[in-house]
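**Student:** Residue numbers (the working numbering), protein chains in the order written: chain A, 1 to 328; chain B, 1 to 242.
Virtual Cβ for every residue (Gly too), placed ideally from N, Cα, C.
Note that the structure is a prediction, hence the values are computed from the model and not measured.
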Amino acid sequence: MKLVGMILDDSELDRILAHAGCPWICPKTIGLTTHFHVGNLPLMHSPLQTCPLQPKGYIIESIGALMKLSILMLAACLISGVPARAQDVFDPSVWAQSEKLGKDIRAVKARAEADRASLTESAALPLPFAPSVTFEIRAQMSDDMEFVSAIRAEESSGLHRNIFGSVDGRDYLRFFSDRIECIDMGRCGNSIASVACVRGSKMVLAKGYSLLNIPQIARIGIVFHEARHAENVHDNWPHVLCPEPFKDDSGNDVRGIFSGELMAGEYACDTTPFGAYGTGLVMLKNISKHCENCTDKVKMDAGLYADDHLRRIIDPAAVKTIQDDLYR
Amino acid sequence: MKRAVLAATALGTLIAFLSLRQTPTPRPSSQAELPPPTPNRPPSSAAGREPIAGHPSTVLAAAPEFRARQIPKRGGPRAGFSAQTMAKEDLLDDISRSKNDNDPRLDSGFNDLSPETKTIFRLKYRRLPHERFNERGTIVYLLGKNLASPEDWAFLRELVVEPPCLSLTDCTKEDEFAQAREKTGDAVTLAYPALVALKQAQRVLEDAHSGGADRREALAVIRAAKSSRAPIVVQTAVEIDR
Numbered sequence: 001m002k003l004v005g006m007i008l009d010d011s012e013l014d015r016i017l018a019h020a021g022c023p024w025i026c027p028k029t030i031g032l033t034t035h036f037h038v039g040n041l042p043l044m045h046s047p048l049q050t051c052p053l054q055p056k057g058y059i060i061e062s063i064g065a066l067m068k069l070s071i072l073m074l075a076a077c078l079i080s081g082v083p084a085r086a087q088d089v090f091d092p093s094v095w096a097q098s099e100k101l102g103k104d105i106r107a108v109k110a111r112a113e114a115d116r117a118s119l120t121e122s123a124a125l126p127l128p129f130a131p132s133v134t135f136e137i138r139a140q141m142s143d144d145m146e147f148v149s150a151i152r153a154e155e156s157s158g159l160h161r162n163i164f165g166s167v168d169g170r171d172y173l174r175f176f177s178d179r180i181e182c183i184d185m186g187r188c189g190n191s192i193a194s195v196a197c198v199r200g201s202k203m204v205l206a207k208g209y210s211l212l213n214i215p216q217i218a219r220i221g222i223v224f225h226e227a228r229h230a231e232n233v234h235d236n237w238p239h240v241l242c243p244e245p246f247k248d249d250s251g252n253d254v255r256g257i258f259s260g261e262l263m264a265g266e267y268a269c270d271t272t273p274f275g276a277y278g279t280g281l282v283m284l285k286n287i288s289k290h291c292e293n294c295t296d297k298v299k300m301d302a303g304l305y306a307d308d309h310l311r312r313i314i315d316p317a318a319v320k321t322i323q324d325d326l327y328r
Numbered sequence: 001m002k003r004a005v006l007a008a009t010a011l012g013t014l015i016a017f018l019s020l021r022q023t024p025t026p027r028p029s030s031q032a033e034l035p036p037p038t039p040n041r042p043p044s045s046a047a048g049r050e051p052i053a054g055h056p057s058t059v060l061a062a063a064p065e066f067r068a069r070q071i072p073k074r075g076g077p078r079a080g081f082s083a084q085t086m087a088k089e090d091l092l093d094d095i096s097r098s099k100n101d102n103d104p105r106l107d108s109g110f111n112d113l114s115p116e117t118k119t120i121f122r123l124k125y126r127r128l129p130h131e132r133f134n135e136r137g138t139i140v141y142l143l144g145k146n147l148a149s150p151e152d153w154a155f156l157r158e159l160v161v162e163p164p165c166l167s168l169t170d171c172t173k174e175d176e177f178a179q180a181r182e183k184t185g186d187a188v189t190l191a192y193p194a195l196v197a198l199k200q201a202q203r204v205l206e207d208a209h210s211g212g213a214d215r216r217e218a219l220a221v222i223r224a225a226k227s228s229r230a231p232i233v234v235q236t237a238v239e240i241d242r
């Protein structure tokens, strides 16, 4: 099969990649270097099978899309070396564009590796965004995680060392990347106010993540709360039903703040310090108490949201463990 | 009569000033003498990240107050206000645009605010849409670092009894997801400015150097918060009071 044609404009490429979805760049790899296995559609076994990457198939929406994808795939092959005979089956223009793209990618990768090697202090994480994630959300989350990556503290609580390690951005990013292999965009419930959720090891961000005007540490707390839910080995740390009746310290029913609905009987509580609320609480409270390069506002915000999480831990022994660890 | 005319003129100037200066267009900070923001990117890198106008789900961007904001021109007339006040407001706008709460200028750039600057900040707070939770809370935070006059304390008392915000996207309307949001910690966000006011009052109470008058004012804020219609504000006030 001989490919001919020219590269389509970027908007069509974006549409194709968005349609193809997360597998194009997930897990782990950003860019065009690996994992070109899209769905289960072996629509074409092309000469690209000679490529060491062995692409399995791809969605073809138009002949133009096919050409574009072929160029991308070939470029990917060129990164790790493609048999010379493959050149014979491609149109020279396709080959040339792929070769140039491959060189560009190699250069980008080399720069990225050099950058990573020099990042001893701020262990920046290349976030595994799916193509469908909007610029606004990528930028917001990248900024947020850049902030997280720079967090430093000398002290940490016992629970924090158990869950994350040190109060240190590098440990936070390790925690995150060990659990989340892909960040995609979608809906988490039907509300714009729901900004994140997880499906397996994929984190889904909703538009509200960048649109809502909320404190930065609140966004970060949500993301790490959700990352905890991605742990299959613990059955994703499910929430438990809040007790009926669910009373606060003053003996009043705990109700939805404005809906007036009782929280009792809702899956909005945890019984362990190690669940998603506990994880968020431990992270935020440690930042509030120990972060050495956070502003006072960040520390105040972290304390506010941590205290709210504590109200959702309903097991007395778990509450005591947390209080002994963080509130004494 | 003459005083009334002067007062009216001053008020008109103030309103005109604020209408010109309500938020954001990306522009460089005028605070060159202040340290750059870390560890996040400098605010200028946030350019282009405002909500996309016309996007169907851009609820906040579609708010009338948001659309109505004018782009202030650098060097344009801001008659009647000190250079310090203008610089502080520029700095605040810069940080708000960046969405970087870890900008060290929040710690260093807003100490010893003048009465004029605080007045401008209070007006700015009142003009912001209630759904700009973090921007409003940041103003309260900064004013809470500069509590000196009865007006400063009165403002905090006013905040803690603000009518509850009903939803993250429209404070005037409760949506069908109100109950679901209760599960995700949004109660804190919805009452964020009031909670910040309480935390600033708590800070005064916990500061061994606070004088008796300040302590009384701080306690008055806590007492006022107990009559809030937002349960989390009441609960937080009770916890601080303990």
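Please check if any C-beta of chain A sits within less than 8 Å of the C-beta of Y247 (chain B).
**Tutor:** Given that chain B is displayed from residue 1 to residue 242, the structure contains no residue 247 (chain B) and the question cannot be resolved.
**Student:** Can you tell me the Cβ-Cβ gap for E116 (chain B) and T85 (chain B), rounded? I've got them flagged as a contact below 8 Å.
**Tutor:** So it is a contact: roughly 5 Å between Cβ atoms.
**Student:** How is I151 (chain A) classed by DSSP in three states: helix, strand or coil?
**Tutor:** Reduced to three states, the DSSP call for I151 (chain A) is coil.
**Student:** Would you kindly report the start and end of the unbroken beta strand (DSSP E) that includes V161 (chain B)?
**Tutor:** Per DSSP, V161 (chain B) belongs to no beta strand (DSSP E) and is neither H nor E.
**Student:** Any C-beta of chain B sitting closer than 8 Å to the C-beta of T279 (chain A)?
**Tutor:** No - not a single Cβ of chain B is within 8 Å of the one on T279 (chain A).
**Student:** If we ignore side chains and look at the alpha-carbon of each, how far apart do S166 (chain A) and N286 (chain A) end up?
**Tutor:** Straight-line Cα distance between these residues: approximately 10 Å.
**Student:** Beta-carbon of Q323 (chain A) versus every beta-carbon of chain B: anything under 8 Å?
**Tutor:** By this cut-off, Q323 (chain A) is not an interface position.
**Student:** Any heavy atom of the ligand MG closer than 7 Å to the CB of D207 (chain B)?
**Tutor:** In the structure shown, the ligand MG is absent, as is every other ligand, since no ligand is present at all.
**Student:** Would you kindly report the start and end of the unbroken alpha helix (DSSP H) that includes I180 (chain A)?
**Tutor:** Looking at the DSSP string, I180 (chain A) is not in any alpha helix (DSSP H), and its letter there is neither H nor E.
**Student:** So, helix, strand or coil for I120 (chain B), using DSSP?
**Tutor:** Three-state DSSP puts I120 (chain B) in a helix.
**Student:** Going by the DSSP bridge assignment, what does I313 (chain A) pair with across the sheet?
**Tutor:** DSSP, once it has assigned bridges, lists A:D270 as partnering I313 (chain A).
**Student:** Does N134 (chain B) have its Cβ less than 8 Å from a Cβ in chain A?
**Tutor:** Answer yes: the Cβ-Cβ gap between N134 (chain B) and chain A drops below 8 Å somewhere.
**Student:** So if DSSP puts R228 (chain A) in a beta bridge, which residue, or which two residues, is it bridged to?
**Tutor:** BP columns for R228 (chain A) are empty, so no partner.
**Student:** Got a sec, what are the start and stop residues for the beta strand (DSSP E) A196 (chain A) sits in?
**Tutor:** A196 (chain A) -> beta strand (DSSP E) spans 196 to 199.
**Student:** Give the interface partners of T271 (chain A) over in chain B, defined as CB-CB distance under 7 Å, in chain order.
**Tutor:** Under the 7 Å cutoff, chain B gives no residues; its nearest Cβ is about 15 Å from T271 (chain A).
**Student:** Please state if the CB of L198 (chain B) and the CB of I240 (chain B) are separated by a distance shorter than 8 Å.
**Tutor:** It is a contact, given that the beta carbons lie within the stated cut-off.
**Student:** So who's on the other strand from D168 (chain A), going by DSSP bridges?
**Tutor:** Answer by DSSP bridge pairing, in chain order: A:R152.
**Student:** Give me the Cβ distance between L127 (chain A) and I214 (chain A), rounded to the nearest whole Å; I'm assuming they're in contact under 8 Å.
**Tutor:** Between I214 (chain A) and L127 (chain A) the Cβ distance is about 20 Å, and since that is not below 8 Å, they are no contact.
**Student:** Just to confirm, is the Cβ distance from A276 (chain A) to H229 (chain A) under 8 Å?
**Tutor:** Contact flag set, yes.
**Student:** I need the DSSP call for L128 (chain B), collapsed to helix, strand or coil.
**Tutor:** L128 (chain B) falls in the coil class under three-state DSSP.
**Student:** How big is the Cα-Cα spacing for I151 (chain A) and S142 (chain A)?
**Tutor:** Approximately 15 Å, taken between the alpha carbons.
**Student:** By the 10 Å Cβ neighbour count, where 16 or more other Cβ atoms means buried, how is H209 (chain B) classified, buried or exposed?
**Tutor:** Exposed, since its Cβ has fewer than 16 Cβ neighbours within 10 Å.
**Student:** Express the C-alpha separation of D307 (chain A) and Q323 (chain A) in angstroms, rounding to a whole number.
**Tutor:** So the two alpha carbons sit approximately 11 Å from each other.
**Student:** For the region 123 to 142 of chain B and the region 95 to 105 of chain B, state whether three or more C-beta atom pairs, one from each stretch, are separated by less than 8 Å.
**Tutor:** Yes, the region 123 to 142 of chain B is in contact with the region 95 to 105 of chain B.
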